[in-house]
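Q: Residue numbers (UniProt numbering): 5 to 362.
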Ligand code: NAI
Ligand code: MG
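1. My output table needs one value for residue 36: the three-state DSSP class, helix, strand or coil.
2. Could you check which residue in 292, 279, 229 has the C-alpha nearest to that of residue 103?
3. Among 260, 216, 219, which residue has its Cα nearest to the Cα of residue 232?
4. Whole angstroms are fine: how far does the CA of residue 149 sit from the CA of residue 21?
5. Buried or exposed for residue 204, please, with buried defined as at least 16 other CB atoms from any protein chain shown within 10 angstroms of its CB.
6. Rounded to the nearest angstrom, what separates residue 93 and residue 248 at their Cα positions?
7. With H, G and I counted as helix, E and B as strand and the rest as coil, what does DSSP make of residue 15?
8. Examine ligand 1 and report whether any of its heavy atoms sits within less than 7 angstroms of the Cβ of residue 72.
9. Please list the terminal residues of the continuous alpha helix (DSSP H) segment that includes residue 232.
10. At what residues does the beta strand (DSSP E) containing residue 180 begin and finish?
11. Quick check on the DSSP output: the alpha helix (DSSP H) that includes residue 250 runs from which residue to which?
12. Starting from residue 112 and walking both ways along the beta strand (DSSP E), at which residues does that stretch end?
13. Just curious, the alpha helix (DSSP H) that residue 326 is in, first and last residue?
14. Could you check whether the Cβ of residue 353 sits closer than 7 angstroms to any heavy atom belonging to ligand 1?
15. Within 7 angstroms: the Cβ of residue 82 and any heavy atom of ligand 1?
16. What would DSSP say about residue 271, mapped onto helix, strand or coil?
17. Are there 16 or more other CB atoms within 10 angstroms of the CB of residue 134, so buried, or fewer, so exposed?
18. To the nearest angstrom, how far is it from the Cα of residue 258 to the Cα of residue 114?
19. What are the complete alpha helix (DSSP H) segments, minimum 4 residues, inside the stretch 55-117?
20. Could you tell me the alpha carbon to alpha carbon distance between residue 87 and residue 46, rounded to whole angstroms?
21. Answer with buried or exposed for residue 214, where buried requires no fewer than 16 other C-beta atoms within 10 angstroms of its C-beta.
22. Using C-beta distances below 6 angstroms, list every residue in its chain close to residue 328, excluding the 5 sequence neighbours before and after it, in chain order.
23. With distance defined between alpha-carbon atoms, name the residue in 275, 336, 268, 313 nearest to residue 296.
24. Is any heavy atom of ligand 1 found at a distance shorter than 7 angstroms from the C-beta of residue 117?
25. Does the beta-carbon of residue 337, which I'm using as the reference point, lie nearer than 7 angstroms to any heavy atom of ligand 1?
26. Closest to residue 235 by C-alpha separation, out of 275, 130, 183, 145, would be which residue?
27. In chain order, what residues of the same chain lie with their CB nearer than 7 angstroms to the CB of residue 250, ignoring the 5 residues before and after it?
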């Protein structure tokens, strides 16, 4: 079967790292004989907005629905279009309309990357964060009462549905079950948030017997953040609500190095809609146009995409290739954010060549 991928480079360094992400995915596809087809789109960018007065064409959903995945760079140029317009008009529409209810991020300490935590080596930190991506604390239910008066009151409700909670937990349990350690950690705060968080915990407990081989524990979010920093080796798969997952999924990758290397998947596990794979970083207007952006986040996002399609060996090979180039740590290859004097091209080409060695 040929898998169809919509390529959306977006803005800033998104357009600079995309060619190297694509080259690496194509290299892995070549070695493993995977049939992929790519089509590139110029929308979901501020340049498109300047031309058309909107971030997306009206028929974007119909157009993109035909693809098996979206490979996305980054969107946003605050000098040109306000961030809430560019982000809400594009990426957040994809997540919402394509019901990408899982946000998935690896936390993995790569060789050659300076770890901000003391005394850690590659292998010590290797876990996944699964974030609920559609409901929870990020609801639009609420409002302001008595605005401008002494009695001014603002309320915003958390929404948890059984379907919404169970589907993210199921994804996390399945992921944990597929890994050697088979260990799932749930983020909670049932000591302080006394309705929704005990509900979340009860759904974890209800699902646990169906995964008798998965070891489950839970921590309140406050101490959990401390454990991320102090004993990251404890974790295997961590699942959290929208807000807790949001916090953890920035903290986790931050514990393993530069923002330039982290990838992220916005996943619709049902396959009804395409999932989206992107680097965690944004368009980086401060360094755009210089060709120095770290392409690892983009390449690793492509690796996650192959994994998502079920091409385990190709994905493993791609990840190993990135690690090999990082481990060699050649000054002329490694980008500035990782302490070298290389650029996007030197690093991207090196990974592509490494993949092609087979
Ligand atoms: P950013 O991630 O673009 O940049 C933050 C800092 O990290 C900057 O100093 C940048 O130079 C550096 N950096 C980021 N990626 C790098 C890479 N690959 N290599 C080397 N250095 C890198 O976040 P910022 O500055 O807050 O946002 C800039 C724009 O990007 C805004 O419009 C924002 O809304 C948008 N954005 C978009 C995202 C997306 O498309 N998913 C995610 C985050 C921000
Ligand atoms: Mg965030």
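Beta carbons: idealized from backbone N, C-alpha and C, even for Gly. No experiment lies behind these values; they were computed from the predicted model shown.
A: With the given structure in hand:
1. As a working note, residue 36 is residue 32 in the chain shown. It is coil, neither helix nor strand.
2. Residue numbering aside, residue 103 sits at position 99 when the chain shown is read from its first letter. The option with the nearest alpha carbon to residue 103 is 279.
3. Reading the chain shown from its first residue, position 228 is the one you call residue 232. Minimum Cα distance to residue 232 is reached at 260.
4. Numbered from its first residue, the chain shown carries residue 21 at position 17. Numbered from its first residue, the chain shown carries residue 149 at position 145. One C-alpha to the other measures close to 46 angstroms.
5. Here residue 204 refers to the residue found at position 200 of the chain shown. So residue 204 ends up on the buried side.
6. Counted from its first residue, the chain shown places residue 93 at position 89. Counted from its first residue, the chain shown places residue 248 at position 244. Roughly 24 angstroms separates the two Cα atoms.
7. On the chain shown, position 11 is the one that residue 15 refers to. In this structure, residue 15 counts as coil in the three-state DSSP scheme.
8. Position 68 of the chain shown, counting from 1, holds the residue named residue 72. Residue 72: no, Cβ never under 7 angstroms from ligand 1.
9. Position 228 of the chain shown, counted from the start, is the residue given in the question as residue 232. Note, residue 232: alpha helix (DSSP H), 225-234.
10. Along the chain shown, read from residue 1 onward, the residue named residue 180 stands at position 176. Where residue 180 is concerned, there is no enclosing beta strand (DSSP E), although the alpha helix (DSSP H) it sits in stretches over 166-181.
11. Within the chain shown, the letter at position 246 stands for residue 250. From DSSP, the alpha helix (DSSP H) with residue 250 extends over 246-258.
12. What you label residue 112 is simply residue 108 of the chain shown in a count that begins at 1. Counting along the chain, the beta strand (DSSP E) containing residue 112 begins and ends at 106-112.
13. Against the chain shown, residue 326 aligns to sequence position 322. First-last of the alpha helix (DSSP H) with residue 326: 316-332.
14. Start at 1 with the first residue of the chain shown, and residue 353 comes out as number 349. Checking every heavy atom of ligand 1 against the Cβ of residue 353, none is found closer than 7 angstroms.
15. Taking the chain shown and counting its residues from 1, the one referred to as residue 82 is at position 78. It does: the Cβ of residue 82 is within 7 angstroms (strictly closer) of some heavy atom of ligand 1.
16. Stepping through the chain shown from its first residue, residue 271 is reached at position 267. DSSP places residue 271 in strand when its eight states are reduced to three.
17. As a working mapping, residue 134 is identified with position 130 in the chain shown. By the neighbour-count rule (16 or more Cβ atoms within 10 Å), residue 134 is buried.
18. Here residue 258 refers to the residue found at position 254 of the chain shown. Here residue 114 refers to the residue found at position 110 of the chain shown. Cα to Cα, the separation comes out at about 12 angstroms.
19. 64-69, 87-92, 95-101
20. Taking the first residue of the chain shown as 1, we reach residue 87 at position 83. Taking the first residue of the chain shown as 1, we reach residue 46 at position 42. Distance between the alpha carbons of residue 87 and residue 46: 18 angstroms.
21. Translated into the one-based positions of the chain shown, residue 214 becomes position 210. Residue 214 should be labelled exposed.
22. As a working mapping, residue 328 is identified with position 324 in the chain shown. Excluding positions up to five away in sequence, the list reads 358.
23. As a working mapping, residue 296 is identified with position 292 in the chain shown. Nearest of 275, 336, 268, 313 to residue 296, Cα basis: 336.
24. Working through the chain shown from its first residue, we reach residue 117 at position 113. No - ligand 1 has no heavy atom lying nearer than 7 angstroms to the Cβ of residue 117.
25. Taking the chain shown and counting its residues from 1, the one referred to as residue 337 is at position 333. Not under cutoff, so the answer is no.
26. Indexing the chain shown from 1 puts residue 235 at position 231. Ranking 275, 130, 183, 145 by Cα distance to residue 235 puts 130 first.
27. Translated into positions along the chain shown, residue 250 becomes position 246. Answer for residue 250: 135, listed in chain order.
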